[in-house]
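Student: Each protein sequence line maps, in turn, to chains A and B. Our numbering applies: residue 375 is where the first sequence begins, and numbers increase by one. Our numbering applies: residue 253 is where the second sequence begins, and numbers increase by one.
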Amino acid sequence: MAHLATLTLLLPLLGFLLILVNGSRMSERAVGVVATSAVGLSFVFAVTSFVLLLHDSSREVTVHLFTWIDVGTLQIPAALLVDPLSITMTLFVTGISALIHLYSIGYMHGERDVRKFFLYLNLFVFSMLTLVLANTLVLTFVGWEGVGVCSYWLISYYFDRDSAASAGKKAFIYNRVGDAGMLLAMFLLFSHLHTLTYLTIFHRAGTLSPTIATLAVLALLLGATGKSAQIPLFNWLPDAMEGPTPVSALIHAATMVTAGVYLLVRMSPVLALSSSGRLTIAVIGGATAFVAATIATAQKDIKKVLAFSTVSQIGYMVLAVGSGAYAAAIFLMVAHAFYKALLFLGSGSVIHSLHGEQDMRRMGGLAKYLPWTYPTFLVAWLAIAGIPPFAGFWAKGDVLTNVYAYSKGLWIVGVLTAILTAYYMSRLFVLTFRGTERFREVTHGADPHESPWVMTVPLVVLAVLATLGGGLALPWIHGDSLAHFLAPTFGYVAPLAAASTAAQWALALVDVAAALLGLLVAFTIWRSIHESTRYERPFLEHVWHWDDAYDAVIGRPLTRAAQIANDVVEPRLIDGAVAGVAVAVRRSAEGVRKVQSGFVRHYALAMVLGLGVVVVYLVARVG
Amino acid sequence: MHSSLWLTVLLVVPVVGAAVAAVSRTRAYAVAVVTATIELILSLIVLVLYNAHIAGAHTLDFAGRWVLAAPLGLAYDVAVDGISVFMVVLTALVVWLALLGARERRREPAFVAWLLLLTAFTMGSFVAHDLFEFFIFFELTLVPSYFIIAQWGGRERSRAALKFFVYTFTGSAFLFVGTLYLGFAHQHQTGGALTFAYSALASTAMSHGTAVWLFVAFAIAFAVKSPIWPLHTWSPITYAEAPTAGSIEFSALLAKLGSYGLLRFAVGLFPLALPDMRPVVLTLAVIGIVYGSALACVTPDLKRLVAYSSVAQMGFITLGVMTGSKIAMVGAVLLMFNHGVITAGFFLIIGFLERRRGTATIRDLTGLQGPAPVLAALFTVVMLASIGLPGLSGFVSEYLILIGTFATHTWWAVVATLGVVLAALYLLWAYQRVFHGRAAEENATIADASGAERWVLVPVVILIVVLGVFPKPMLDRITPSVQQLIEHVAPAGVSK
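#1: When DSSP builds the beta bridges, which residues end up paired with PRO451/A?
#2: Taking beta-carbon pairs under 7 Å, can you tell me which members of the stretch 619-650 of chain B lie near chain A?
#3: What residues of chain A sit near ILE579/B, judged by a beta carbon separation below 8 Å?
#4: So what does DSSP say about GLY610/B, is it helix, strand or coil?
#5: Assign GLY443/B to buried or exposed, taking buried as 16 or more other Cβ atoms, counted over all protein chains shown, within 10 Å of its Cβ.
#6: Locate the alpha helix (DSSP H) running through TYR512/B, then write down its first and last residues.
#7: Between LYS724/B and chain D, is there a C-beta pair that is closer than 8 Å?
#8: Could you give the DSSP three-state label for ASP728/B: helix, strand or coil?
#9: Consider the Cβ of PRO711/B: report whether some Cβ of chain A lies at a distance smaller than 8 Å.
#10: Assuming contact is defined by CB atoms lying nearer than 8 Å, are ALA665/B and PHE515/A in contact in what I supplied?
#11: Under the three-state reduction of DSSP, which class applies to GLY520/B: helix, strand or coil?
#12: Contact check, LEU833/A vs THR750/A under 8 Å by CB: the rounded distance?
#13: By the criterion of Cβ-Cβ separation under 7 Å, what are the contact partners of PRO482/B in chain A?
#14: So, are the CB atoms of GLY689/B and THR618/B less than 8 Å apart?
#15: Give me the residue from THR431/B, ARG407/B, LEU709/B and ALA354/B with the minimum Cα distance to PHE384/B.
#16: Under DSSP, the beta strand (DSSP E) around TYR328/B begins and ends at which residues?
#17: At a Cβ cut of 7 Å, what residues of the stretch 675-690 of chain B count as close to chain A, listed as they run along the chain?
#18: Check whether the stretch 486-505 of chain A touches the stretch 547-554 of chain A, taking contact to mean three or more Cβ pairs, one atom from each stretch, closer than 8 Å.
#19: Using only the alpha-carbon positions, how far apart do ALA362/B and HIS475/A sit?
#20: Taking just the CA atoms, how far does GLY610/B sit from PHE687/B?
#21: Whole angstroms are fine: how far does the CA of ILE601/B sit from the CA of SER255/B?
#22: Kindly indicate the opening and closing residues of the beta strand (DSSP E) around TRP746/A.
#23: Mark ILE401/B as exposed unless 16 or more other C-beta atoms lie within 10 angstroms of its C-beta, in which case mark it buried.
#24: Have a look at ALA711/A and THR629/A and give me their C-alpha separation to the nearest angstrom.
#25: Specify the secondary structure class of ARG277/B as computed by DSSP and reduced to three states.
#26: Are ASP329/B and ALA282/B touching if we call contact CB-CB under 8 Å?
#27: Between which two residues does the alpha helix (DSSP H) containing TRP481/B stretch?
#28: Helix, strand or coil for THR629/A, going by three-state DSSP, please let me know.
#29: Kindly say whether LEU521/B, judged by its beta-carbon, lies nearer than 8 Å to any beta-carbon of chain A.
#30: Out of curiosity, what's the CA-to-CA distance linking ARG930/A and PRO482/B?
#31: Alpha carbon to alpha carbon, what distance is there between LEU586/B and ARG317/B?
#32: Alpha carbon to alpha carbon, how far is GLN687/A from THR632/A?
#33: TYR543/B versus chain A: which residues are under 7 Å apart at the beta carbon?
#34: Assuming contact is defined by CB atoms lying nearer than 8 Å, are GLY435/B and LEU446/B in contact in what I supplied?
#35: Could you please tell me which residues of the stretch 548-582 of chain A, in chain order, have their CB closer than 8 Å to any CB of chain B?
#36: Would you kindly report the start and end of the unbroken alpha helix (DSSP H) that includes TRP486/B?
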């Protein structure tokens, strides 16, 4: 068990090292195969660990690897915690990573630096597994920043493109702001609990005062908003679409961006101590879900729509966490990983077939040319829109039912967002696959062609998962559901039990009605047109002018301040003051001007002599 | 307890090497490299032999004391503890890297001789266990430094050399007065002979006011050297104008003399002053972190960028040295070493770029990752270590400093945490401008790192990765000595 979990973690690292050392002597294909099999094997070990954990009575296994930091009271082992939550994360992270690695072999074929691509990708999986398997906050932070730097590399993969380079930097900086939050959370918890090991934190959490608990929760939330692209740090994610599409699918949809949600769920025993902290989380999540959904309705780039959709869906997860529905958050995270990875890979297949075109105005009518991409994308679309029996219906329904029990106001926001979700996804679906063919200019008149099998197989697998994923936690099954499996790791259980079966049915009906409404409106509007200033508001297209506002309020003033420091403070004020002192000293020594010859050694001699006098005086005083 | 002879050999080898290099015309560089290699091996032997468990909590090893001139209080007194032993290794390592990596002046005997002498004096400062002896070595480092800048520097070398000299010399004037005062005060108290032995002076009784004034005198000298804001303005021009080997020595080594002095002598000898002076110095450190980072964002030159980044990093070190938290102090010592390795890496790579393009101006460099991917990758590793990416060396030290400081001085730690964000900002921005984008004209044809250039950076990268993943052996040696220092100053209320 312990060894299996360790192997699960280390295999992607092994793949990384192998490619790092030996990559230049391997063919591109071989590199792709090595990277994919490392992650694939890792998935196999994860499944085995999962099975063993099911038969472990305590369902909580700590694996000590080595002592990392040990100074006084600060003892940080490099150790893993295998429990239901971390194994669930490990399973879907390795599984989806393996599929996307396979897909990348086809997608990245013929690109520059393919070896480097797989190098980064394997390091990413290792970092992500470190993040979820760590048994201390600090080790989670190692993975947390590790995935951040891999994301930075992969976003600016086409580094000679300025937009890609800037997007990578932006992602890293925004994440760093969040990371500062996570650092502060660790400092705060350590200074009050004297430990950063999860289980010990949970054990001692009761001794935290409400204020400290709230501060810690807010700091954790800041960390989560950075990594999971939530308000106020969400707008790095759309820019991150500059990276290759498999990267968008893996890092910026399925796995890394959900790390914030994982962190909050992992820290649920601390969250339980602060109801105001949880309310803040819920409000941030609800607001992000809604705002991002409105923005998604007006984007023209297919990947941008998906990016804002991701922000919005993670908003739902954060809302669920705030409402105390941790199992629902994880359920949605897993389901979302299936259908959103599918959506991105499908869009990648579309982009691939159109020689890199991402603008939906130059798509349309692709259904008949892409026999695998089209039906699988259809599944993903219905899943995210919330149509039964696909996974999204169950997962989102689970979240909304819990939110209803927590706060009616937030529930209304959630339902509105559901309508918007169905609307923008249907718009995307119609503009891409239905309607008139507008891509001939891009393909120079040729028919688009379907992608090779390495790309379509992952699509099919994910489509099956997106269809059946709801089975993980059907509301009428209680014994063997995901929620039941995860329950022991949570510190606080939502008041869901209060909702009667009838109420649950009614809420489910509302969800379906919302989805159908969004679908209907989208089809009515977008069946015949492909752009419209009426339905694509500039305010929404420009992301509520969020970037401009940051630039005006933070970016420009700070740059100006730094420039003033460089031009005025440094040369005039600071250097000037020191020079002023020097001049004053020289003036006071006018009488001995003859001695000053301008040579350093004469200054030195004079100073030593002067000091001698001072010393004699001091000695006289002391004596 | 090991013989102090080891340390004496460490001091003598570079001096002999310098003398031989100076007289051998054509082989000077070879002599210097051999000397530096021997020195490095010797320092590693000292590190391996170093034993922290001598006579209970006493962590000094290799100690030996000879009084040279009793009436004047002059003595040769050396020892290392868990703090200085790593500074000794750093000294030997950095000069070795500087000689191998920055080879544009390799043929000049005078240059390598000065470099070796600088090594000897720096080494002397770190192993000195006598205040006056420390002062002499500390002061002597100025001479080779001055000549390295003034004779082999860039276009504005004479201005840079003068500024460097005036600043540091003025700073040491305060240290000189403070040292003599303390020695005489101690003699007056005991009525015995004049002595500057560290352990003797440490027990000098003094009034609170005296302690504050002496602390200030010492701190000014060390603040200039570190540099601590606002006494840093000599460093950007000096680092930028000095030859690469000089920039490496100054930023990686001489700066550590400042923080080491602050820890060992200012904090160690004047604990009474700490309650009053701590908030002042901590505030200056935090201002330095933010201010240095801000200027690093807008400065147009890579060498100046590293200089300002060092102001920020030295701010972190100062924070750790001054808080009085054991964890933060251990982190500060660790960061002294790590920052030395990291800045050496920075200046080596910038030196490589300068050799190719004749400039370190950011605007003149673009898209270098295309023609020089290996150089870019090496720069990335050093950059990420400096940003404090977990898994690399910079993180462990910064993390220890911040988490320790947070417990004793929360708000200073909170502001300093901002510096973590800013470091990413200025370094990634610089990286984008220099390495990303499309290379044109002269930039498009630059050669990637040569075999020799790669090899000289291998130890840097290895240290960055290994000390990030497995810092325990270092922590285990530093911690007892820091503990001892804290216990010594604790009666005056160092740790809360």
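The C-beta atom is built at its ideal place from N, Cα and C for all residues, glycine as well. All of these numbers come straight from a predicted model, not from anything done at the bench.
Tutor: According to the structure shown:
#1: Position 77 of the first sequence, counted from the start, is the residue given in the question as residue 451/A. Answer is THR441/A.
#2: GLY619, GLN621, GLY622, LEU636, LEU641, PRO642, GLY643 and VAL648
#3: Along the second sequence, read from residue 1 onward, the residue named residue 579/B stands at position 327. The contacting residues are VAL445, GLY446, THR447 and LEU448.
#4: Working through the second sequence from its first residue, we reach residue 610/B at position 358. DSSP places GLY610/B in coil when its eight states are reduced to three.
#5: Locating residue 443/B in the second sequence gives position 191, where the first residue counts as 1. When all chains shown are included, GLY443/B counts as exposed.
#6: Within the second sequence, numbered from 1, the residue matching residue 512/B stands at position 260. Per DSSP, TYR512/B belongs to the alpha helix (DSSP H) from 507-513.
#7: Here the protein chains are A and B, and chain D is not one of them.
#8: Your numbering for residue 728/B matches position 476 in the second sequence. Three-state DSSP puts ASP728/B in a helix.
#9: Here residue 711/B corresponds to residue number 459 of the second sequence, with the count starting at 1. No, PRO711/B does not count as interfacial toward chain A.
#10: Here residue 665/B refers to the residue found at position 413 when the second sequence is read from its first residue. Here residue 515/A refers to the residue found at position 141 when the first sequence is read from its first residue. Result no, Cβ atoms of ALA665/B and PHE515/A do not sit closer than 8 Å.
#11: Residue 520/B sits at position 268 when you count from the first residue of the second sequence. Helix at GLY520/B.
#12: On the first sequence, residue 833/A is found 459 positions in, with the first residue counted as 1. On the first sequence, residue 750/A is found 376 positions in, with the first residue counted as 1. Contact flag correct, Cβ pair sits at about 4 Å.
#13: Locating residue 482/B in the second sequence gives position 230, where the first residue counts as 1. ILE948, listed in chain order.
#14: Reading the second sequence from its first residue, position 437 is the one you call residue 689/B. Reading the second sequence from its first residue, position 366 is the one you call residue 618/B. It is a contact, given that the beta carbons lie within the stated cut-off.
#15: Within the second sequence, the letter at position 132 stands for residue 384/B. Closest option to PHE384/B, Cα to Cα, is THR431/B.
#16: Your numbering for residue 328/B matches position 76 in the second sequence. Segment 326-332, the beta strand (DSSP E) holding TYR328/B.
#17: ALA676, LEU677, LEU680, TRP681, GLN684, HIS688, GLY689 and ARG690
#18: The count of Cβ pairs closer than 8 Å, one atom from the stretch 486-505 of chain A and one from the stretch 547-554 of chain A, stays below three, leaving the stretches out of contact.
#19: The sequence position of residue 362/B within the second sequence is 110, counting from 1. The sequence position of residue 475/A within the first sequence is 101, counting from 1. Distance between the alpha carbons of ALA362/B and HIS475/A is about 57 Å.
#20: Within the second sequence, the letter at position 435 stands for residue 687/B. Within the second sequence, the letter at position 358 stands for residue 610/B. Each residue's Cα considered, the two are about 16 Å apart.
#21: Here residue 255/B refers to the residue found at position 3 when the second sequence is read from its first residue. Here residue 601/B refers to the residue found at position 349 when the second sequence is read from its first residue. Cα-Cα distance, rounded: 39 Å.
#22: For the purposes of this step, residue 746/A is identified with residue 372 of the first sequence, where counting begins at 1. Premise fails: TRP746/A is in no beta strand (DSSP E) and is neither H nor E.
#23: Here the question's residue 401/B lines up with position 149 in the second sequence. Around the C-beta of ILE401/B, 16 or more other C-beta atoms lie within 10 Å, and the residue is accordingly described as buried.
#24: Translated into the one-based positions of the first sequence, residue 711/A becomes position 337. Translated into the one-based positions of the first sequence, residue 629/A becomes position 255. Taking the straight line from one Cα to the other gives about 7 Å.
#25: Within the second sequence, residue 277/B is the residue found at index 25, counting from 1. In this structure, ARG277/B counts as coil in the three-state DSSP scheme.
#26: Indexing the second sequence from 1 puts residue 329/B at position 77. Indexing the second sequence from 1 puts residue 282/B at position 30. Not a contact, by the Cβ cut-off of 8 Å.
#27: Walking along the second sequence from the start, residue 481/B turns up at place 229. Here TRP481/B belongs to no alpha helix (DSSP H), and DSSP marks it neither H nor E.
#28: Taking the first residue of the first sequence as 1, we reach residue 629/A at position 255. If DSSP states are grouped into helix, strand and coil, THR629/A belongs with coil.
#29: Looking up residue 521/B in the second sequence gives position 269. It does not; no Cβ of chain A falls within 8 Å.
#30: Position 556 of the first sequence, counting from 1, holds the residue named residue 930/A. Position 230 of the second sequence, counting from 1, holds the residue named residue 482/B. Answer to the nearest angstrom: the Cα atoms are 25 Å apart.
#31: Start at 1 with the first residue of the second sequence, and residue 317/B comes out as number 65. Start at 1 with the first residue of the second sequence, and residue 586/B comes out as number 334. Using only the alpha carbons, I get a separation of about 28 Å.
#32: As a first step, residue 687/A must be located in the first sequence, where it is residue number 313. As a first step, residue 632/A must be located in the first sequence, where it is residue number 258. So the alpha carbons of these two residues sit roughly 10 Å apart.
#33: For the purposes of this step, residue 543/B is taken as residue 291 along the second sequence, with counting starting at 1. Near TYR543/B (Cβ distances below 7 Å), the residues of chain A are ALA939.
#34: Position 183 of the second sequence, counting from 1, holds the residue named residue 435/B. Position 194 of the second sequence, counting from 1, holds the residue named residue 446/B. Yes, they are a contact pair.
#35: ARG550, VAL551, ASP553, ALA554, LEU557, LEU558, MET560, PHE561, LEU562, PHE564 and SER565
#36: Taking the first residue of the second sequence as position 1, residue 486/B is located at position 234. TRP486/B -> alpha helix (DSSP H) spans 486-493.
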